[in-house]
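Listed in order, the protein sequences are those of chains A and B. Just so you know, we're using the working numbering here: the first sequence kicks off at 1 and counts up by one. Just so you know, we're using the working numbering here: the second sequence kicks off at 1001 and counts up by one. First the structure, in the form of structure tokens, and then the observations on it.
Protein chains: 2
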Amino acid sequence: MNDLSEAQQIRDLIDRLTRLSAAEEWNGPLNPSQFAALSYLARANRYSRAPSHVADYLATTRGTASQTLKALARKSLIDETRSDADKRSIRYDVAPDGLDLLKVPSGLDEVINELPNETSFVLTAGLKALVNAMLLRRDNRSFGLCRTCKHHQGREKGGYCKLLEVELSPVETGQICHEHAAT
Amino acid sequence: MNDLSEAQQIRDLIDRLTRLSAAEEWNGPLNPSQFAALSYLARANRYSRAPSHVADYLATTRGTASQTLKALARKSLIDETRSDADKRSIRYDVAPDGLDLLKVPSGLDEVINELPNETSFVLTAGLKALVNAMLLRRDNRSFGLCRTCKHHQGREKGGYCKLLEVELSPVETGQICHEHAAT
DNA sequence: ATTTAATAATAGCGAGTCGAAACTATTGCA
DNA sequence: TGCAATAGTTTCGACTCGCTATTATTAAAT
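Below you can see the structure in the form of structure tokens.
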């Protein structure tokens, strides 16, 4: 009945949705890339906040990620911290002003919230399947939550990472890790 | 159980999916915006291929759309035709080379095609709901298929548009129209 | 203990997107 | 006839994007 293939239709809907949402973001203080980077940093654990990790998560190059992070730092939304252990690496932490920006719900957020529970449930499942397939295809890291990782061991409070060999606070086990591996 | 709200999770999945797909597009001959514009032109009817229509569909400004279309014309992927009736307006038609580019399936297309039928069905429904809600919110045109419009009247062959008062070929009734209004 | 190689981040380049505002050329209306 | 609305373009400044050096620093191989 449809003239478009199901695939093209879904692709077009995703693209339109993103453009509709992006059009609203351009009216705000941050462009879509800057917002995505800031949002990632706010959810990533302290081992996953380097420019290279942001680049990997956003599926872009280190050069591009570096520029976007510098732009956020210029606006005092994130703070740069050089590592003592490895003097080459840098970690960015979200500053108070950055956290404030993330609190404002976007138009897309509001629209999603009005979806029936059942719809948002199947939507999440479908999108997860697509993202996972794309990650696999491109040989990208999964960037899942610490506590869902195969290196994670539960503790009475928080947890322990067998890979990095560190104790983890309850908050940290709910953060995104670049070393995440599915069970 | 999840630390992220359902809304934020869905938003992040859509954003990641778009970025993953965009990263592949940058390796091709067209950037994401140019590809989206070309794809739209290939599906829109002859009354909906002006710069202003492209701008509206892509949720951007006329200025930006104009630049993207000029870039596509420079690459000989689309042809510019000035209207006789209204000397201000322009219509862009996709050139043979442009059509060839659209035939190549993207990585995201392939991934979508591997989804179970049921999953892609509910995914389409969910995304449609979100897009429609965003369009309503922003007071944007819907850009639906001609034959699903309230101004459309079926004929033995093709159809007739009560708004534009023109006869339509079978192909045209399956194209996107900027005047589309839901029944 | 040195060289050499890998890694982390950045700078600079050219093409292009993005909104906003200024600017033509038409067309429609009063 | 005159002015406002409309269609499209141009220019601007900020920025993204991939790419290719380039600079530190660290790791591995001699």
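Don't be surprised by glycine CBs; every beta carbon is placed ideally from N, CA and C. Just so you know, these numbers come straight off a predicted model, no measurement behind them.
#### Entry: Own chain, CB closer than 8 Å to I1090 (chain B), minus 5 neighbours either side, in chain order
In the same chain as I1090 (chain B), and ignoring 5 residues on each side of it, the C-beta atoms closer than 8 Å to its own belong to A1050, P1051, E1080, T1081, R1082, S1083, in chain order.
### Query
For the candidate residues A:Y160, A:R141, A:K150, whose alpha-carbon lies nearest to that of S48 (chain A)?
Minimum Cα distance to S48 (chain A) is reached at A:R141.
### Task
Since I believe Q153 (chain A) is in contact with G159 (chain A) (beta carbons under 8 Å), could you give me their beta-carbon distance rounded to a whole number of angstroms?
With a contact defined as Cβ atoms closer than 8 Å, G159 (chain A) and Q153 (chain A) qualify at about 6 Å.
### Query
Got a sec: is the Cβ-Cβ distance from S1120 (chain B) to anything in chain A below 8 Å?
Yes, because at least one Cβ of chain A sits closer than 8 Å to the Cβ of S1120 (chain B).
### Extent of the continuous beta strand (DSSP E) run through D79 (chain A)
Per DSSP, the continuous beta strand (DSSP E) segment holding D79 (chain A) begins and ends at 78 to 82.
### Query
In chain B, which residues lie with their C-beta within 9 Å of the C-beta of Q34 (chain A)?
The contact set of Q34 (chain A) on chain B, defined by CB atoms closer than 9 Å, is empty, because the minimum CB distance reaches about 13 Å.
### Query
Mind pulling the chain A residues with CB within less than 9 Å of D1086 (chain B)?
None at all; the shortest Cβ gap to chain A is about 27 Å.
### Query
Whose C-beta lies closer than 7 Å to the C-beta of F1035 (chain B) among residues of the same chain, with five residues either side of it excluded?
Hits under 7 Å: E1025.
### Query
Is the stretch 126 to 139 of chain A in contact with the stretch 108 to 116 of chain A, if contact means three or more CB pairs nearer than 8 Å?
With the rule of 3 Cβ pairs closer than 8 Å, the stretch 126 to 139 of chain A does not count as touching the stretch 108 to 116 of chain A.
### Query
So what's G1174 (chain B) in DSSP terms, helix, strand or just coil?
When DSSP states are grouped into helix, strand and coil, G1174 (chain B) belongs to the helix group.
### Message
Going by DSSP, what residue range makes up the beta strand (DSSP E) through D93 (chain A)?
### Response
First-last of the beta strand (DSSP E) with D93 (chain A): 90 to 94.
### Task
Kindly indicate if chain B contains any beta-carbon less than 8 Å away from that of K162 (chain A).
Answer no: the Cβ-Cβ gap between K162 (chain A) and chain B never drops below 8 Å.
### Query
Say the cut is 7 Å; is the CB of A1007 (chain B) nearer than that to a heavy atom of the ligand NAD?
The ligand NAD is not among the ligands present in this structure, which contains no ligands whatsoever.
### Task
Please state whether DSSP places C146 (chain A) in a helix, a strand or coil.
DSSP, reduced to helix, strand and coil, places C146 (chain A) within a helical segment of the structure shown.
### Query
Just curious, the alpha helix (DSSP H) that V54 (chain A) is in, first and last residue?
DSSP places V54 (chain A) in the uninterrupted alpha helix (DSSP H) bounded by 51 to 57.
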